[in-house]
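Before any comments, here is the structure.
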Amino acid sequence: MRAIWDNLKGLYSLLVGMKITILFLFSPRKTVHYPRKVVERENLENYRGPLELTRGKEDAGKTPCVSCQLCVKACPGNCLTVVKSKEGKNPQTWLYDFSYCCLCGACVETCPTGALAFSHRVYMVTKTREELVLDLLKDLKERTEKKEEPNKGLKNKS
Amino acid sequence: MPSFNFVNPVDFLNMADSPGTYAGDFYTLNFEKNATPGNVILNLGPQHPSTHGVLRVLVELYGEYVLRSEPVLGYLHRMQEKMGEVKTPYQFLPNMGRVDYLNPISWNWAFAGAVERLAGLEPPERAEYLRVISSELNRISSHLLWWGAFVMDLGGVTPILYAFEEREKINDILQIVTGSRLTYNYFRFGGVGADADSRFFQLVEEFIPYMRERLKMYTGLVTDNVIFRRRLEGIGPMDEDLCRRYGATGPILRAAGVMCDARRLSPYGIYDRFDYDIPVGPSNDCFGRYLVRLEEIRESLRILEQAVKSVPEGPVIVAKAPKPTYKLPAGETYFAVEGARGQVACHIISDGGKTPYRVKLRAPGFSNLSLFAEAAKGVILADAIAILGSLDLVIPEVDR
């Protein structure tokens, strides 16, 4: 008698679970088919994508970077290469190896001039490892030509 | 009984002379030495889906019964402790998000707290509140993923998809302050990395009642399910004595009836200001551990509810926060926090140099895993999987 009652109770519990499953079957879908669609209105305000150089205040195409090498020393992964140009303080080459980067933010937080910021590039894909070494000066030039909105960087830099 | 080609116990040094002659590596050969001839020795993992990563478990099977078992570790060893000795504390901090990728905020807190205790830093009030909020959110998301993965181990594949819906919400909330969705690097020495805006608090407030509704749905979907209960009730009892012998902490120890929680026993941060209970389990079997974790989600929501209401204004980091080249003062300290899996702790010895002399990371998963061999003696293989799942292992944390 007891066993029959237990089994009936068990059967009822299965029905309750099945009811939840069926209710969810008719609820709207919560995912998107990624390669064809992306999530709309996604909040990427503070998202940390690959690094990028911010624009200067006077000259939008020029970086505020003064090649002080503080970011290079702060980086735990040794992924930054900054070479000072001969004529002034501004950098000649600014290479950033994204394959070594752990997006910790040490470089962004140490930069005294605020020349670095995280981009919001979520869907970055490359085929080779060499493509992950990003030339940030070239990237800055391209963005200036396209007249993209400047990146604000970390909201409250300490 | 099926014929089984039994490999004679050999000295593993001989193996190098004639590679390919013997089946199995050093661990297998060592394990086979004590095997009864005729029993099957099975390699569970390192690529088995139910081992949650690259854990390898050797089991000796008699029919379907597990006679002995031995976990083999080290497939995901990344020298985290050694890395702590060659990097400055500031540079080592992002590693903390990688030790346990499901519960990184607790590890953040363990390391940042240890450094702060050594350096004598006091985080501002607002930072303390943000630490509690992010830590409890992370605890919920870790338990949610465990919940889905555990039910998946037992054969129910869909619940993990329900759990991911909430987990995505938590990821969205934490992304606002941390900037990432998985390996958070949020804490800094003397505060937190970024301030939260009103949207953050609004989303947390919306999340609390939503999560409570979902927990009711979980009860109907999984907890009351008769198949689920019969798979778990009475399986893998781990009593207080066993837990104490192996140093198990967290929900496993609490399910065994011991009120052991670092938030209550040695309050760190501002945990002594909130009103919450430490759930102590009704039974020490797999089902008891399951119930304790679900109860912990409810208690975390209670903490969140109180914390969100009373966040003060102010800075989130101390005025003279340590720079990347910050040198720790000489000394030794130990700081323990309550992670999702148990007591997460960090032991730092510094000689005043550029890098710490020694960094010891206490991973709860490592101690919890050692209970498996004892608990899985004489159970059916399917029950051994249930025991393994109920331990809530994260292999990167076990191997470090």
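Chains as they are written, first to last, in our numbering: chain V, 882 to 1039; chain X, 229 to 628. Just so it is clear, CB atoms sit at the ideal spot from N, CA and C, and this is done for glycine as well. No experiment lies behind these values; they were computed from the predicted model shown.
For residue i and residue j, what's the separation of their Cα atoms in angstroms?
i	j	result
TYR430 of chain X	VAL536 of chain X	The sequence given here places Gln at residue 430 of chain X; Tyr does not occur at that position. When rounded, the distance between both Cα atoms is 9 angstroms.
LYS900 of chain V	THR447 of chain X	13 angstroms
ALA201 of chain X	TRP335 of chain X	Residue 201 of chain X lies beyond the range of chain X shown here (229 to 628); nothing can be said about it.
GLY891 of chain V	ARG284 of chain X	35 angstroms
TYR290 of chain X	PHE259 of chain X	15 angstroms
ILE333 of chain X	LEU402 of chain X	10 angstroms
LYS1022 of chain V	PRO993 of chain V	22 angstroms
SER363 of chain X	GLY341 of chain X	13 angstroms
PRO274 of chain X	GLY542 of chain X	49 angstroms
ARG440 of chain X	ARG395 of chain X	14 angstroms
LEU589 of chain X	LYS1028 of chain V	48 angstroms
GLY407 of chain X	LEU372 of chain X	21 angstroms
ASN233 of chain X	ILE269 of chain X	With a pLDDT of 49 at ASN233 of chain X, under the threshold of 50, the predicted position of this residue should be treated as unreliable, though the coordinate-derived value follows. If you take the alpha carbons of ASN233 of chain X and ILE269 of chain X, they lie about 11 angstroms apart.
ASP940 of chain V	ASN971 of chain V	13 angstroms
ALA604 of chain X	TYR915 of chain V	42 angstroms
VAL300 of chain X	TYR255 of chain X	8 angstroms
ALA476 of chain X	PHE320 of chain X	27 angstroms
ARG1002 of chain V	LEU925 of chain V	9 angstroms
LEU286 of chain X	ILE506 of chain X	35 angstroms
LYS840 of chain V	VAL1006 of chain V	Any answer about residue 840 of chain V is impossible in this case: the structure gives chain V only from 882 up to 1039.
MET324 of chain X	VAL897 of chain V	42 angstroms
LYS1036 of chain V	SER894 of chain V	In this prediction, LYS1036 of chain V has a pLDDT of 45, which is less than 50 and means its spatial position is unreliable; what the coordinates show is noted afterwards. LYS1036 of chain V and SER894 of chain V: Cα-Cα distance of roughly 50 angstroms.
LEU449 of chain X	THR902 of chain V	8 angstroms
Taking residue i as the reference, give the member of the options with the closest Cα.
i	options	result
LEU934 of chain V	V:CYS952, V:ARG910, V:LYS918 and V:ARG917	V:CYS952
ARG501 of chain X	X:ARG472, X:LEU522 and X:GLU533	X:GLU533
VAL920 of chain V	V:THR912, V:ASN927 and V:GLU926	V:THR912
PHE415 of chain X	X:ASN512, X:GLY376 and X:PRO322	X:PRO322
VAL432 of chain X	X:ARG354, X:LYS397 and X:PRO317	X:LYS397
GLY986 of chain V	X:ASN453, X:TYR412 and X:LYS261	X:TYR412
VAL607 of chain X	X:ASP253, X:LYS261 and X:GLU292	X:GLU292
ARG442 of chain X	X:PRO351, X:GLU350, X:ARG586 and X:PHE392	X:PHE392
GLU1011 of chain V	V:ASP978, V:LEU961, V:LEU896 and V:THR962	V:ASP978
CYS960 of chain V	V:GLU968, V:ASN888 and V:LEU976	V:LEU976
Grab me the residues of residue i's own chain with a C-beta within less than 8 angstroms of its C-beta, minus the 5 sequence neighbours each way, in chain order.
i	result
PRO624 of chain X	GLY281, LEU304, ARG306, ARG326, VAL327, ASP328 and TYR329
GLY485 of chain X	GLU468, VAL508, GLY509 and ASN512
ARG354 of chain X	ASP423, VAL539, PRO540, GLU541, GLY542, PRO543 and VAL544
LEU599 of chain X	MET466, LEU470, CYS471, TYR474, ALA476, ILE480 and LEU619
ASP1020 of chain V	GLU933 and LEU934
SER595 of chain X	TYR474, GLY475, ALA476, THR477 and GLY570
ILE213 of chain X	Because chain X in this structure spans residues 229 to 628, residue 213 of chain X falls outside the shown range and cannot be described.
With DSSP run on the structure shown, which of helix, strand or coil describes residue i?
i	result
HIS371 of chain X	helix
PRO352 of chain X	coil
ARG284 of chain X	strand
GLU566 of chain X	strand
LEU616 of chain X	helix
PHE907 of chain V	coil
ARG590 of chain X	strand
GLY559 of chain X	strand
CYS514 of chain X	helix
PRO362 of chain X	The sequence shown places Ser at residue 362 of chain X, not Pro. Of the three classes helix, strand and coil, the one that applies to SER362 of chain X here is helix, per DSSP.
PHE234 of chain X	In this prediction, PHE234 of chain X has a pLDDT of 49, which is less than 50 and means its spatial position is unreliable; what the coordinates show is noted afterwards. Coil at PHE234 of chain X, not helix or strand.
CYS574 of chain X	strand
PHE415 of chain X	strand
VAL486 of chain X	coil
VAL420 of chain X	strand
ILE885 of chain V	helix
LYS1038 of chain V	Because the pLDDT of LYS1038 of chain V is 44, which lies under 50, any placement of that residue in the model is unreliable, and the number read from its coordinates should be weighed accordingly. In the structure shown, LYS1038 of chain V sits in coil (DSSP, three-state: anything other than H, G, I, E or B).
ILE608 of chain X	strand
ILE401 of chain X	helix
Grab me the residues of residue i's own chain with a C-beta within less than 7 angstroms of its C-beta, minus the 5 sequence neighbours each way, in chain order.
i	result
MET229 of chain X	Bear in mind that a pLDDT of 45 at MET229 of chain X, under 50, signals an unreliable position, so the model cannot answer this.
ILE455 of chain X	none
THR561 of chain X	ALA342, ARG345, LEU346 and ILE576
TYR504 of chain X	GLU527, ARG530 and ILE531
LYS315 of chain X	THR583
PRO945 of chain V	THR935, GLY937, THR994, GLY995 and ALA996
SER370 of chain X	LEU330, ASN331 and ALA568
Near residue i, which residues of its chain fall below 6 angstroms by C-beta distance, leaving aside the five closest residues on each side in sequence?
i	result
GLU461 of chain X	PHE515
ALA884 of chain V	none
GLY942 of chain V	THR1025
PHE378 of chain X	GLY617
PRO247 of chain X	Because the pLDDT at PRO247 of chain X is just 49, under 50, the model does not fix this residue reliably, and the value given afterwards should be weighed accordingly. So no residue of the chain qualifies.
ASP611 of chain X	ILE463
ILE368 of chain X	ILE525 and SER528
ALA558 of chain X	SER578, ASP579 and GLY580
3 or more residues per run - each beta strand (DSSP E) lying fully within the stretch 933-1021 of chain V
961-965, 972-978, 997-999 and 1014-1016
Which parts of the stretch 263-332 of chain X are runs of the beta strand (DSSP E), unbroken and 3 residues or longer, counting only runs that do not cross its ends?
You should have 268-272, 284-290 and 293-300.
Restricting to runs no shorter than 4 residues, where is the alpha helix (DSSP H) found entirely within the stretch 438-469 of chain X?
Within the stretch 438-469 of chain X, the complete alpha helix (DSSP H) runs of at least 4 residues are 454-460.
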